[in-house]
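Student: Below is one structure. I have some questions about it.
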Amino acid sequence: MKKVKIYVTLRESVLDPQGSAVMGSLHKMGYAQVEDVRIGKYLELVISDEVSDVDALVNEMCQKLLTNTVIEDYRFEIEEAVSQ
Amino acid sequence: MKFAVIVFPGSNCDLDMYHAIKDELGEQAEYVWHDATDLSSYDGILLPGGFSYGDYLRCGAIAQSSAIMDEVRKAAEAGKPVLGICNGFQILTEAGLLPGVLLRNKNMKFMCKTVGLKVENANTLFTSEYTESQEIQIPIAHGEGNYYCDDATYEQLKKNGQIVFSYADDFNGSRNNIAGIINERGNVLGMMPHPERAVSDLIGGSDGLALFKSIVKQWREANVTHA
Numbered sequence: 507m508k509k510v511k512i513y514v515t516l517r518e519s520v521l522d523p524q525g526s527a528v529m530g531s532l533h534k535m536g537y538a539q540v541e542d543v544r545i546g547k548y549l550e551l552v553i554s555d556e557v558s559d560v561d562a563l564v565n566e567m568c569q570k571l572l573t574n575t576v577i578e579d580y581r582f583e584i585e586e587a588v589s590q
Numbered sequence: 007m008k009f010a011v012i013v014f015p016g017s018n019c020d021l022d023m024y025h026a027i028k029d030e031l032g033e034q035a036e037y038v039w040h041d042a043t044d045l046s047s048y049d050g051i052l053l054p055g056g057f058s059y060g061d062y063l064r065c066g067a068i069a070q071s072s073a074i075m076d077e078v079r080k081a082a083e084a085g086k087p088v089l090g091i092c093n094g095f096q097i098l099t100e101a102g103l104l105p106g107v108l109l110r111n112k113n114m115k116f117m118c119k120t121v122g123l124k125v126e127n128a129n130t131l132f133t134s135e136y137t138e139s140q141e142i143q144i145p146i147a148h149g150e151g152n153y154y155c156d157d158a159t160y161e162q163l164k165k166n167g168q169i170v171f172s173y174a175d176d177f178n179g180s181r182n183n184i185a186g187i188i189n190e191r192g193n194v195l196g197m198m199p200h201p202e203r204a205v206s207d208l209i210g211g212s213d214g215l216a217l218f219k220s221i222v223k224q225w226r227e228a229n230v231t232h233a
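Protein chains in written order, with this note's numbering: chain A, 507 to 590; chain B, 7 to 233.
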């Protein structure tokens, strides 16, 4: 099995009201050093060993469902999953 | 005219839509569950508002992969009117039937009130019963209605007259106050405001009724011509 760790981030050109609200809170708490906050998503997938090209499969799934490429970028890492 | 009201798990404006069509417009309406695989017997397709699949992942993203969406695509390709309201609009953008995407409102709040809308294009099959630049009052109820698209897409929308409704005031951050857009062919409309909640003065307003009347009128005219 392979474990795939997917990081989904908002594209630079897209405003992130959630990130702005969090930065506002951090500033109010005294963390004036924070210059920007962007909020993204983290997904973990476990993929069966039957799949030969995990890379292609993950790209396909990211483009079809897991991300919206109009507003989001993604990158992922593939690791050997330890069975439980 | 026979309308399909598509129902996803988490849709919650399906009854309002059904009521608007059946009781106020006086046309036929049927609920169609998201795993149905045939929409060929319907003349118009309605995607209601709500929170399909709890807005998990992104609003509209999971509904977009439902079996029924292949049929909605077929209906759109066949030139049938397809109307997505609120979550229905979000589903249409996720499905790629309309360009752009709906982001979180700029103030992070879920907003529920009646707002002024300007009819930007009264020459569509959804707006022929309005007049150009007419201002109408329609309720909104959304947390993610902040329309976003890139510059090239916006120029295309503008050039082709695809911007159908805009808000009189900016309250959610939508690009150029866009409230509703149509596809290039002119038979798929997505909008965040709820015309189906403004179909009778008894419930606060009837400015939405003309939208549904436009669809029916155009359909009747087309069918008479082809008969």
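Beta carbons are placed, not taken as given, at the ideal position from N, Cα and C, and that holds for glycine.
Remember, predicted model here, so these are calculated numbers, not experimental data.
(1) Put Thr575(A) into one of helix, strand or coil per three-state DSSP.
(2) Tell me Met197(B)'s beta-bridge partners as DSSP assigns them.
(3) Decide if the region 79 to 87 of chain B is in contact with the region 43 to 50 of chain B; the criterion is three or more beta carbon pairs, one per stretch, under 8 angstroms apart.
(4) Looking at chain A, is there any beta carbon in it that lies within less than 7 angstroms of the beta carbon of Ser71(B)?
(5) In three-state DSSP terms, what is Gly137(B)?
(6) Measure the CB-CB distance between Leu195(B) and Asn152(B) and report whether it falls below 7 angstroms.
(7) Using 8 angstroms as the threshold, is the region 577 to 588 of chain A in touch with the region 526 to 539 of chain A, meaning 3 or more CB pairs across them?
(8) Starting from Lys511(A) and walking both ways along the beta strand (DSSP E), at which residues does that stretch end?
(9) Who are the neighbours of Arg64(B) on chain A, taking C-beta pairs under 7 angstroms?
(10) Could you list the residues in the region 507 to 523 of chain A with a C-beta less than 8 angstroms from some C-beta on chain B, going in chain order?
(11) Give the residues from the region 99 to 114 of chain B that approach chain A closer than 9 angstroms (Cβ to any Cβ), ordered along the chain.
(12) Would Ile545(A) pass as an interface residue toward chain B - the criterion being a Cβ-Cβ separation below 7 angstroms?
(13) When you compare only the Cα positions, how much space is there between Ala42(B) and Gly546(A)?
(14) Determine whether the Cβ of Leu563(A) lies closer than 7 angstroms to any Cβ atom of chain B.
(15) Looking at the secondary structure, which residues open and close the beta strand (DSSP E) in which Leu123(B) lies?
(16) Please report the distance separating the alpha-carbon of Ser172(B) from that of Asp555(A).
(17) Which residues in chain B have a C-beta closer than 9 angstroms to the C-beta of Leu500(A)? List them in chain order.
(18) So, are the CB atoms of Cys65(B) and Pro105(B) less than 7 angstroms apart?
(19) Please state whether DSSP places Gln162(B) in a helix, a strand or coil.
(20) Should Leu571(A) be flagged as near chain B, meaning a C-beta pair shorter than 7 angstroms?
(21) In chain order, what residues of the same chain have a beta carbon less than 6 angstroms from the beta carbon of Gly211(B), not counting five sequence neighbours either side?
(22) For the region 153 to 170 of chain B, list every residue whose C-beta sits within 8 angstroms of some C-beta in chain A, in sequence order.
(23) Classify Asn127(B) as buried or exposed, calling it buried when 16 or more other Cβ atoms lie within 10 Å of its own Cβ.
(24) If you measure from the beta carbon of Ile577(A) to each beta carbon in chain B, is any gap under 7 angstroms?
(25) Hey, could you find the ends of the alpha helix (DSSP H) Val564(A) is sitting in?
Tutor: This is what the structure gives:
(1) For the purposes of this step, residue 575(A) is taken as the residue at position 69 of the first sequence. In the three-state scheme derived from DSSP, where H, G and I count as helix and E and B as strand, Thr575(A) is classed as coil.
(2) The count along the second sequence starts at 1 and reaches residue 197(B) at position 191. Ile91(B) and Gly186(B).
(3) By the C-beta criterion, the region 79 to 87 of chain B is judged to be in contact with the region 43 to 50 of chain B, since at least 3 inter-stretch pairs fall below 8 angstroms.
(4) As a position in the second sequence, residue 71(B) is number 65, starting the count at 1. Chain A, which has a Cβ nearer than 7 angstroms to the Cβ of Ser71(B), makes this yes.
(5) One-based indexing of the second sequence puts residue 137(B) at position 131. Reading off the sequence shown, one finds Thr at residue 137(B), where the question assumed Gly. The answer is coil: DSSP assigns Thr137(B) none of H, G, I, E or B.
(6) Against the second sequence, residue 195(B) aligns to sequence position 189. Against the second sequence, residue 152(B) aligns to sequence position 146. In this structure, Asn152(B) does not lie closer than 7 angstroms to Leu195(B) by Cβ.
(7) Verdict: no, contact absent.
(8) As a first step, residue 511(A) must be located in the first sequence, where it is residue number 5. First-last of the beta strand (DSSP E) with Lys511(A): Lys508 to Leu516.
(9) On the second sequence, position 58 is the one that residue 64(B) refers to. Asn574, listed in chain order.
(10) Here the close residues are Ser519, Val520, Leu521 and Pro523.
(11) Taking 9 angstroms as the Cβ-Cβ cut-off against chain A, the residues of the region 99 to 114 of chain B that qualify are Thr99, Glu100, Pro105, Gly106, Val107, Leu109, Arg110, Asn111, Lys112, Asn113 and Met114.
(12) Residue 545(A) sits at position 39 when you count from the first residue of the first sequence. Closer than 7 angstroms: no.
(13) By one-based count along the second sequence, residue 42(B) stands at place 36. By one-based count along the first sequence, residue 546(A) stands at place 40. Computed Cα separation, rounded: 34 angstroms.
(14) As a first step, residue 563(A) must be located in the first sequence, where it is residue number 57. Under the Cβ distance rule, Leu563(A) does not count among the residues neighbouring chain B, no pair being separated by less than 7 angstroms.
(15) The residue you call residue 123(B) lines up with position 117 of the second sequence. Residues Met117 to Val125.
(16) One-based indexing of the second sequence puts residue 172(B) at position 166. One-based indexing of the first sequence puts residue 555(A) at position 49. Rounded to the nearest angstrom, the two C-alpha atoms are 51 angstroms apart.
(17) The requested residue 500(A) is not part of the displayed model; chain A covers only 507 to 590.
(18) For the purposes of this step, residue 65(B) is taken as the residue at position 59 of the second sequence. For the purposes of this step, residue 105(B) is taken as the residue at position 99 of the second sequence. Not a contact, by the Cβ cut-off of 7 angstroms.
(19) Translated into the one-based positions of the second sequence, residue 162(B) becomes position 156. Gln162(B) falls in the helix class under three-state DSSP.
(20) Against the first sequence, residue 571(A) aligns to sequence position 65. Put simply, the CB of Leu571(A) is near chain B, with a gap under 7 angstroms to one of its CB atoms.
(21) Working through the second sequence from its first residue, we reach residue 211(B) at position 205. Gln143 and Ala204, listed in sequence order.
(22) Taking 8 angstroms as the Cβ-Cβ cut-off against chain A, the residues of the region 153 to 170 of chain B that qualify are Tyr154, Cys155 and Asp156.
(23) For the purposes of this step, residue 127(B) is taken as residue 121 along the second sequence, with counting starting at 1. So Asn127(B) counts as buried.
(24) The residue you call residue 577(A) lines up with position 71 of the first sequence. Proximity of Ile577(A) to chain B, defined by a Cβ-Cβ separation below 7 angstroms, is satisfied.
(25) Counting from one through the first sequence, the residue named residue 564(A) turns up at place 58. From DSSP, the alpha helix (DSSP H) with Val564(A) extends over Val560 to Met567.
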